[in-house]
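Chemist: Take a look at this one; I'll ask things after.
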Amino acid sequence: MHIVQPGMEIDVLKENGRIANENYRLMKSHGIKSVDFMGSIGAGKTALIIKLAEKLRAKGVRVCAIAGDVTGADDYGRFERSGLAAVNCNTGHECHLDANLVRKSLSKIDLDEYDVVFIENVGNLVCPADFALGTDYRVVVISTTEGDDMVRKHHDIFLHSDIAILNKIDIADAVGVDPKVIADDYRKLTGGLKEIYMCSARKDEGVDEILAALGL
Ligand SMILES: Nc1nc2c(ncn2[C@@H]2O[C@H](COP(=O)(O)OP(=O)(O)O)[C@@H](O)[C@H]2O)c(=O)[nH]1
Ligand SMILES: [Mg+2]
Numbered sequence: 446m447h448i449v450q451p452g453m454e455i456d457v458l459k460e461n462g463r464i465a466n467e468n469y470r471l472m473k474s475h476g477i478k479s480v481d482f483m484g485s486i487g488a489g490k491t492a493l494i495i496k497l498a499e500k501l502r503a504k505g506v507r508v509c510a511i512a513g514d515v516t517g518a519d520d521y522g523r524f525e526r527s528g529l530a531a532v533n534c535n536t537g538h539e540c541h542l543d544a545n546l547v548r549k550s551l552s553k554i555d556l557d558e559y560d561v562v563f564i565e566n567v568g569n570l571v572c573p574a575d576f577a578l579g580t581d582y583r584v585v586v587i588s589t590t591e592g593d594d595m596v597r598k599h600h601d602i603f604l605h606s607d608i609a610i611l612n613k614i615d616i617a618d619a620v621g622v623d624p625k626v627i628a629d630d631y632r633k634l635t636g637g638l639k640e641i642y643m644c645s646a647r648k649d650e651g652v653d654e655i656l657a658a659l660g661l
């Protein structure tokens with residue numbers, strides 16, 4: 446992707462990659478482990494982050510979050526009300542976070558105070574795929590309410606992430622979705638090299654397995 450202006454050409458993705466590397470090194474220098482949660486609108490990213498953070502806090506792990514959204518502070522408010530320290534990060538118009546926005550958010554966090562940073566990306570299954578943020582893990586969250594064809598329709602984000610999560614398995618029957626269909630699509634796409642984790646953030650099912658997969 447190139448943006449051409451008179452006398453100036455910027456390779457946006459290359460520059461993003463450079464800043465992502467800086468973010469990674471910055472967080473590592475403070476001993477921080479980080480996860481980028483990508484996924485559709487309403488898949489349960491906020492709910493899952495809150496649940497994961499609750500469990501980590503109970504183990505004495507210090508967690509904070511970056512709430513990425515186009516506008517507003519709804520998810521930021523939910524994080525804070527749940528007891529999870531957070532920074533709000535609005536993109537304004539963009540459909541994804543980028544490394545520079547994350548760098549600015551990290552500058553608002555006292556990195557010595559935390560062990561883990563969870564980043565909630567802007568909700569969609571397309572744009573975030575291209576923009577690494579400098580995290581240890583990239584995770585894609587989908588849910589049963591989106592139907593059984595998300596993996597077939599959005600190859601890139603599943604290929605660009607380390608693990609996938611299918612949330613809302615508690616209502617799979619009610620919405621007529623067979624999680625096995627999604628798991629089979631994922632296995633076919635990734636050649637069985639990566640795992641898809643089934644969970645219900647609401648019912649606290651499968652959440653411990655996700656923590657283990659993230660080494661947390
Ligand atoms: N039944 C069910 N609902 C869930 C689950 N996780 C989230 N939700 C609901 O799904 C809606 C969207 O969740 P949210 O966390 O805001 O999704 P986000 O847009 O991906 O951050 C909210 O009404 C949640 O209460 C789950 O595991 N099961
Ligand atoms: Mg959210």
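Position in the sequence shown (first residue = 1) + 445 = the working numbering. For each residue, glycine too, the CB sits at the ideal point set by N, CA and C.
Return the CA-CA distance between residue 613 and residue 482, expressed in angstroms with no decimal places.
Modeler: As a first step, residue 613 must be located in the sequence shown, where it is residue number 168. As a first step, residue 482 must be located in the sequence shown, where it is residue number 37. Using only the alpha carbons, I get a separation of about 16 Å.
Chemist: Which residues does DSSP pair with residue 582 in a beta bridge?
Modeler: As a position in the sequence shown, residue 582 is number 137, starting the count at 1. DSSP, once it has assigned bridges, lists 480 as partnering residue 582.
Chemist: Have a look at residue 452 and residue 478 and give me their C-alpha separation to the nearest angstrom.
Modeler: Position 7 of the sequence shown, counted from the start, is the residue given in the question as residue 452. Position 33 of the sequence shown, counted from the start, is the residue given in the question as residue 478. Annotation note: pLDDT 47 at residue 452 (below 50); position unreliable, no value reported.
Chemist: For a minimum of 4 consecutive residues, which ranges assigned as the alpha helix (DSSP H) are wholly contained in the stretch 493–539?
Modeler: The qualifying runs are 519–526.
Chemist: Taking the alpha helix (DSSP H) that residue 466 falls in, what are its first and last residues?
Modeler: Along the sequence shown, read from residue 1 onward, the residue named residue 466 stands at position 21. Segment 457–474, the alpha helix (DSSP H) holding residue 466.
Chemist: Do residue 649 and ligand 1 come close, with the Cβ less than 6 Å from some heavy atom?
Modeler: In the sequence shown, counting from the first residue as 1, residue 649 sits at position 204. False, no ligand heavy atom lies under 6 Å from that Cβ.
Chemist: Closer than 8 Å is the cut-off here; do at least three beta carbon pairs connect the stretch 638–658 with the stretch 611–628?
Modeler: The stretch 638–658 vs the stretch 611–628: in contact.
Chemist: Quick check on DSSP: helix, strand or coil for residue 655?
Modeler: The residue given as residue 655 occupies position 210 in the sequence shown. If DSSP states are grouped into helix, strand and coil, residue 655 belongs with the helices.
Chemist: Could you pull out every residue in the same chain whose Cβ sits closer than 7 Å to the Cβ of residue 578, ignoring the five residues on either side in sequence?
Modeler: Reading the sequence shown from its first residue, position 133 is the one you call residue 578. Hits under 7 Å: 465, 468, 481, 542, 544, 547 and 564.
Chemist: Check whether the stretch 598–607 touches the stretch 616–624, taking contact to mean three or more Cβ pairs, one atom from each stretch, closer than 8 Å.
Modeler: Output reads no: the stretch 616–624 does not touch the stretch 598–607.
Chemist: Whole angstroms are fine: how far does the CA of residue 485 sit from the CA of residue 568?
Modeler: For the purposes of this step, residue 568 is taken as residue 123 along the sequence shown, with counting starting at 1. For the purposes of this step, residue 485 is taken as residue 40 along the sequence shown, with counting starting at 1. Those two C-alpha atoms are separated by around 5 Å.
Chemist: Quick check for students: name the residue ranges of the alpha helix (DSSP H) that lie wholly in the stretch 608–641, counting only runs of 4 or more.
Modeler: Counting whole runs of 4 or more residues, the stretch 608–641 contains the alpha helix (DSSP H) stretches 624–635.
Chemist: Excluding the 5 residues preceding and the 5 following residue 525 in the sequence, name in chain order all residues of the same chain whose CB lies nearer than 7 Å to its CB.
Modeler: For the purposes of this step, residue 525 is identified with residue 80 of the sequence shown, where counting begins at 1. Taken in chain order, the residues that qualify are 531.
Chemist: Under 6 Å from any heavy atom of ligand 2, does the C-beta of residue 633 make it?
Modeler: Sequence index remark: in the sequence shown, residue 633 carries index 188 (1-based). No, Cβ of residue 633 sits at least 6 Å from all heavy atoms of ligand 2.
Chemist: Span of the alpha helix (DSSP H) holding residue 602?
Modeler: Locating residue 602 in the sequence shown gives position 157, counting from the first residue. Unbroken alpha helix (DSSP H) run through residue 602: 600–605.
Chemist: Pull up the CB-CB distance for residue 534 and residue 511, whole angstroms please, since I reckon it's below 8 Å.
Modeler: Position 89 of the sequence shown, counting from 1, holds the residue named residue 534. Position 66 of the sequence shown, counting from 1, holds the residue named residue 511. Correct: roughly 5 Å between the Cβ atoms.
Chemist: For the putative contact between residue 493 and residue 586, defined by C-beta atoms under 8 Å, what is the C-beta separation to the nearest angstrom?
Modeler: Within the sequence shown, the letter at position 48 stands for residue 493. Within the sequence shown, the letter at position 141 stands for residue 586. Indeed, because the Cβ distance is near 6 Å, the residues count as touching under 8 Å.
Chemist: Measure the CB-CB distance between residue 550 and residue 489 and report whether it falls below 7 Å.
Modeler: Along the sequence shown, read from residue 1 onward, the residue named residue 550 stands at position 105. Along the sequence shown, read from residue 1 onward, the residue named residue 489 stands at position 44. No, they are not a contact pair.
Chemist: Report back the beta-carbon spacing between residue 508 and residue 529 to the nearest angstrom; my notes put them in contact at under 8 Å.
Modeler: The residue labelled residue 508 in the question sits at position 63 within the sequence shown. The residue labelled residue 529 in the question sits at position 84 within the sequence shown. About 6 Å separates the two Cβ atoms, so the contact holds.
Chemist: Who does residue 643 pair with in a DSSP beta bridge?
Modeler: Here the question's residue 643 lines up with position 198 in the sequence shown. Partner(s): 611.
Chemist: Please find out if some non-hydrogen atom of ligand 1 comes closer than 6 Å to the beta-carbon of residue 589.
Modeler: Here residue 589 is taken as the residue at index 144 of the sequence shown, counted from 1. No, the Cβ of residue 589 stays beyond 6 Å of every heavy atom of ligand 1.
Chemist: Buried or exposed, going by whether 16 or more other CB atoms sit within 10 Å of the CB of residue 558?
Modeler: Within the sequence shown, the letter at position 113 stands for residue 558. Residue 558 is exposed by the Cβ-count criterion.
Chemist: Just list the residues that DSSP pairs residue 588 with in beta bridges.
Modeler: In the sequence shown, the residue the question calls residue 588 occupies position 143. Beta-bridge pairing links residue 588 to 612.
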